[in-house]
Every structure is written in structure tokens, then in C-alpha cells.
Amino acid sequence: MKLIAQGAEAKLFKTKFDGKDALLKQRVPKGYRCRELDEMLRSTRTNAEANMFRKARALGINTPTIFEVDKKKKEIVMEFINGPRLKDTLKKKNLAVCKQVGQMIALMHAGNLVHGDLTTSNIMLKNKDLFFIDFGLGKTSAKAEDKAVDLLVFKKTFEATHVELMPKGWNQVLEGYLSKGGKKEVLKQMEKVEGRVRYH
Ligand SMILES: Nc1ncnc2c1ncn2[C@@H]1O[C@H](COP(=O)(O)OP(=O)(O)O)[C@@H](O)[C@H]1O
Ligand SMILES: [Mg+2]
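Residue numbers (numbering that gives the first Met the number 0): 0 to 199.
Below you can see the structure in the form of C-alpha cells.
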């Protein structure tokens, strides 16, 4: 197995499953939590993330296929997406993909799925298809406020990561969002929350 990334919560390895390239996401122990609580949290989060992947897929969002979930080992084995993260490939010349991103977020929100950690590191591009990953902070919610915060998190990371694509790139995200049934109410709420974050 080859370690390909290590985040705050998990280690990610490239491996094989049934002869296919696979990605193993393993939630690692946190030393500062007591062992029982740590075990419980990692199991719950592993399960919750796998469920969110499945929900997203049921809504028509491309996500890696889940091959196996092991609550004891706190592991998810999933399809390996052979392509770059959007973060590393998004340029002026393929800016139009931003509209597609907005459309996919609208689909998620229409199904009351809130991703929780939208960034261009958590979206991958395979051929011309976008794949959403990293549902560890995902939840189901029908609230405009939750959807607004989901978008605002994305806007803030998008602005910081893709400075040269502003404001065009972000406007395309919004255009895509509205074109697929994303609600104006959510965007208004996002502006309100943004104001609150900025001035208070
Ligand atoms: N299914 C996958 N196929 C290929 N690479 C992946 C896959 N899932 C994650 N990765 C890679 O691992 C990185 C971290 O994975 P992620 O699930 O976002 O974990 P973290 O919670 O640590 O951010 C991603 O940015 C991506 O580069
Ligand atoms: Mg991530």
C-alpha cells in the first residue's frame, strides 16, 4: 500500500480491491481523546461518511464507488479516481467546469445533502466528469442556513485558492447553482452570513 495523503483525521492509501485500483481511507487515533471515545467517534464517522457517499450517489452526484466499510478498522475502501484534484487543474481555459460544480452542488442541496467541506481539493476530475469526495463533515439538512454555510465555505476557499479566477470562476459556480434548481433564498442567506462573518 502506498500512502498518498495524510489529513488531520485520516490516512489515505492506494491499494487494490478485487484486482482493481482502490483508495483506502483510514481514520487514525487521536492521542488526546480517551481510547473508548476515540474508537467510538472514529467508527461513527467512518460509517457516517460511507452513508453520505451513498446518499450523494443516489442523488446523481458522481462519487467513488464504496467497495467496503470496516467499522472495526475505521476504514473505507473505495474506487480509486484516476485523475487530478480540481484544485490542481482548474485554469482560465477550463473555467467552464465551475458551472458544472455549481450544478452538482445544487443537486446535492435539492436532496438536502450538505457536503460540509466543499473545496477544490475535495472535487476530482476524471475525463470530463467531476467526482465529489471527502464527505466526512456531511449531513442531511433541509435548512437554507446550512446550505448557505456550505456554499460560503466553498466561496472562501475558492477565493483563496483561485485568486486569478475571481470573480469569473465563482460567478460561474453561482450560475450553475441557479440553473439546476439551487434557490435564490440560499444565495441571499449566504450573503447575510458573509456579512455577519465579516463585520461581527
Ligand atoms: N477515491 C479517491 N481516489 C483517488 N484519490 C483520492 C480519493 N479519495 C481521496 N483521494 C486523495 O486523497 C486526498 C485526501 O482525501 P480526503 O478524503 O479529502 O481526506 P481528508 O479528510 O484528509 O481531506 C484527496 O485530496 C485526494 O487527493
Ligand atoms: Mg479533503
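Quick reminder that beta carbons are idealized off the backbone N, C-alpha and C, glycines included.
- In this structure, DSSP gives residue 136 a state outside helix and strand, which the three-state scheme calls coil.
- When secondary structure is reduced to three states using DSSP, residue 14 falls in the strand class.
- Comparing alpha-carbon positions, the option among 104, 135 and 87 lying closest to residue 123 turns out to be 87.
- Considering only 74, 58, 57 and 52, the residue with the shortest C-alpha distance to residue 41 is 74.
- The three-state reading of DSSP puts residue 157 in helix, counting H, G and I together.
- Going by beta carbons, residue 112 and residue 55 fall inside the 8 Å limit.
- Taken atom to atom, the span from the alpha-carbon of residue 85 to that of residue 27 is near 26 Å.
- Assignment of residue 80 by DSSP, reduced to helix, strand and coil, places it in the coil class.
- With 16 or more neighbouring CB atoms inside 10 Å of its own CB, residue 104 falls in the buried class.
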